[in-house]
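Comments concern the structure below.
Number of protein chains: 2
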Amino acid sequence: MADHFPDRGTALGSELSDAVVAFHEAIGGLLGLSAADHKALGILQREGAMSAGELAARTSLTAGAVTGLVDRLEAAGLARRDRDHDDRRRLVVTASRPTDPRVAAAFAALGSAMAEVTAGFTLEQQQVIARWAEMTTAVLREQAAALRRSA
Amino acid sequence: MADHFPDRGTALGSELSDAVVAFHEAIGGLLGLSAADHKALGILQREGAMSAGELAARTSLTAGAVTGLVDRLEAAGLARRDRDHDDRRRLVVTASRPTDPRVAAAFAALGSAMAEVTAGFTLEQQQVIARWAEMTTAVLREQAAALRRSA
DNA sequence: CTAAATAGTTCAGTGTTCTAAACTATAAGC
DNA sequence: GCTTATAGTTTAGAACACTGAACTATTTAG
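Residue numbers (my numbering), protein chains in the order written: chain A, 95 to 245; chain B, 95 to 245.
Rendered as structure tokens:
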């Protein structure tokens with residue numbers, strides 16, 4: 095994703111983007127998850143517990159594939175299956191906190207390293223950065239959605 | 095990748111990170127590439143042309159798998175195979191500019207949207223953001239490398 | 001109460017990509 | 001010039017996750 099961008103700003107952005115992806119992959123590798131499974135876990139973490147059917151819709155997988163997906167997440171101790179009390183056909187899939195101490199350590203290390211980075215900026219500067227991050231996130235989401243539509 | 099982070103700064107970072115991954119995936123989907131192939135293409139774009147063996151080392155794939163990988167990239171018009179002049183056993187794999195007009199359009203759209211974001215900040219603020227991006231990139235790379243070592 | 005619909009699981013078959021090993025072509029050492 | 005090493009390709013087989021369809025359990029409608 096690099097040298098499509100001519101100017102320095104987007105070059106920086108693309109370096110950052112690569113680093114983000116590399117970190118995601120490293121975490122996924124540690125958990126023994128494929129990229130697809132890791133992505134599904136991300137959906138569960140971000141959007142909270144949901145039924146298997148909803149997860150199927152969000153991942154564009156069939157019901158059968160979701161069964162296997164949840165099997166793998168559960169086996170890795172990263173998600174939980176519960177029956178819905180009201181409708182006992184339904185399944186509630188919940189992301190668990192990863193119990194692997196290496197994962198916890200990884201997030202702790204990232205957190206403290208990022209805290210150190212943050213400390214290098216004034217509060218005002220931090221607000222500027224936050225605003226940029228918000229705007230950039232919105233742009234990326236919008237562009238990704240547009241791409242999906244055009245595909 | 096979401097709710098591991100307690101504070102707002104890292105929450106923002108994780109949103110940004112998700113958005114980056116989503117954009118990567120959307121581009122990959124448009125090109126009809128698997129995540130692994132897309133990643134390999136990224137390596138080629140970022141680090142420049144390299145031999146098949148070097149690509150194997152960078153992707154942790156066997157020689158045989160790289161043959162298939164380069165086949166797919168070449169078929170998609172995203173990479174080129176050339177014989178090395180000095181050592182004619184060697185292959186030089188070069189990433190090509192994607193010819194698909196939708197990809198070009200996607201990057202153009204992203205570029206101009208990001209230019210608009212950038213325009214919302216003073217030069218001084220842009221420098222702050224750039225510094226933050228550089229530091230964050232370094233932290234992420236370092237943490238990813240540490241994770242890979244521990245795995 | 002029975003029939004139809006719905007939620008998930010299981011299973012058989014398919015496609016994809018990987019590894020390992022045999023193979024081809026080229027280079028380097030002696 | 002042989003011999004050995006190296007670069008990449010080919011091939012056979014294994015692993016894996018997916019789809020679609022049959023199946024089980026539960027709920028809803030008539």
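Glycine is no exception: its CB is placed at the ideal position from the N, C-alpha and C atoms.
Treat the numbers as computed from the prediction; the structure is a model and nothing was measured.
Any idea what DSSP makes of residue i, helix, strand or coil?
i	result
A/Ser-190	coil
A/Ala-170	coil
B/Asp-131	helix
B/His-98	Note that B/His-98 scores a pLDDT of 44, beneath 50, so its modelled location is shaky; the value from the coordinates is reported in the next line. Here B/His-98 sits in coil by DSSP.
A/Asp-176	strand
B/Phe-215	coil
A/Gly-126	coil
B/Ser-154	coil
B/Asp-165	helix
B/Asp-181	coil
At the level of alpha carbons, what is the spacing between residue i and residue j?
i	j	result
B/Ala-227	A/Arg-182	48 Å
B/Ala-137	A/Asp-180	Reading the sequence as shown, one finds Ile at residue 137 of chain B and not Ala. Distance between the alpha carbons of B/Ile-137 and A/Asp-180: 50 Å.
B/Gly-162	A/Arg-242	27 Å
B/His-98	B/Leu-106	Residue confidence is low: B/His-98 scores 44 on pLDDT, short of 50, so the model does not pin down where it sits. Its coordinate-derived value is still stated next. If you take the alpha carbons of B/His-98 and B/Leu-106, they lie about 12 Å apart.
A/Pro-195	A/Gly-205	15 Å
B/Val-160	A/Ala-202	36 Å
A/Val-114	A/Arg-177	35 Å
B/Ser-46	B/Met-208	A question about residue 46 of chain B goes unanswered here, because the residues of chain B that appear run from 95 up to 245.
A/Ser-128	A/Gly-122	7 Å
A/Ala-116	B/Glu-236	10 Å
A/Gln-220	A/Asp-165	41 Å
A/Ala-255	A/Val-222	There is no way to answer for residue 255 of chain A, as the model of chain A reaches only from 95 to 245.
B/Val-186	A/Ala-232	39 Å
B/Arg-175	A/Leu-217	51 Å
A/Ala-198	B/His-118	26 Å
B/Ala-143	B/Ala-189	7 Å
A/Ala-150	B/Ala-170	29 Å
A/Thr-153	A/Ala-238	15 Å
B/Gly-158	B/Ala-173	17 Å
A/Arg-184	B/Ser-108	30 Å
B/Ala-224	A/Glu-141	31 Å
B/Glu-168	B/Leu-135	11 Å
B/Asp-230	B/Leu-124	A small correction: the amino acid at residue 230 of chain B is Thr; Asp does not occupy that position in the sequence shown. Roughly 28 Å separates the two Cα atoms.
B/Gln-139	A/Thr-193	37 Å
What are the partner residues of residue i, as DSSP defines its beta bridges?
i	result
A/Ser-145	A/Val-186
Taking Cβ-Cβ distances shorter than 7 Å, what residues in chain B pair up with residue i?
i	result
A/Arg-152	The premise fails here: A/Arg-152 is roughly 12 Å from chain B at the closest Cβ pair, so nothing lies under 7 Å.
A/Thr-104	Gly-205 and Met-208
A/Arg-196	Ser-244
A/Thr-231	Glu-109, Leu-110 and Ala-113
A/Ala-129	Ala-129
Along chain A, which residues have their Cβ under 8 Å away from the Cβ of residue i?
i	result
B/Arg-242	Ala-120 and Gly-123
B/Gln-221	Per Cβ cutoff of 8 Å: no residues; B/Gln-221 is ~10 Å from chain A at best.
B/Ala-238	Ala-113, Ala-116, Phe-117, Glu-119 and Ala-120
In chain B, what lies closer than 9 Å to residue i by C-beta?
i	result
A/Ala-213	Those do not exist, as A/Ala-213 stays about 11 Å from chain B at its closest Cβ, beyond 9 Å.
A/Ala-224	Arg-102, Gly-103 and Leu-106
In chain B, which residues lie less than 8 Å from residue i when you measure between Cβ atoms?
i	result
A/Leu-163	Ordered by position in chain B, no residue passes the 8 Å Cβ test against A/Leu-163, which lies about 16 Å from the chain.
So with CB distances below 7 Å, who are the chain A contacts of residue i?
i	result
B/Arg-235	Ala-113 and Ala-116
List, in order along the chain, the chain A residues whose C-beta lies closer than 9 Å to that of residue i?
i	result
B/Glu-228	Leu-106, Glu-109 and Leu-110
B/Ala-200	Gln-237, Ala-240, Leu-241 and Ser-244
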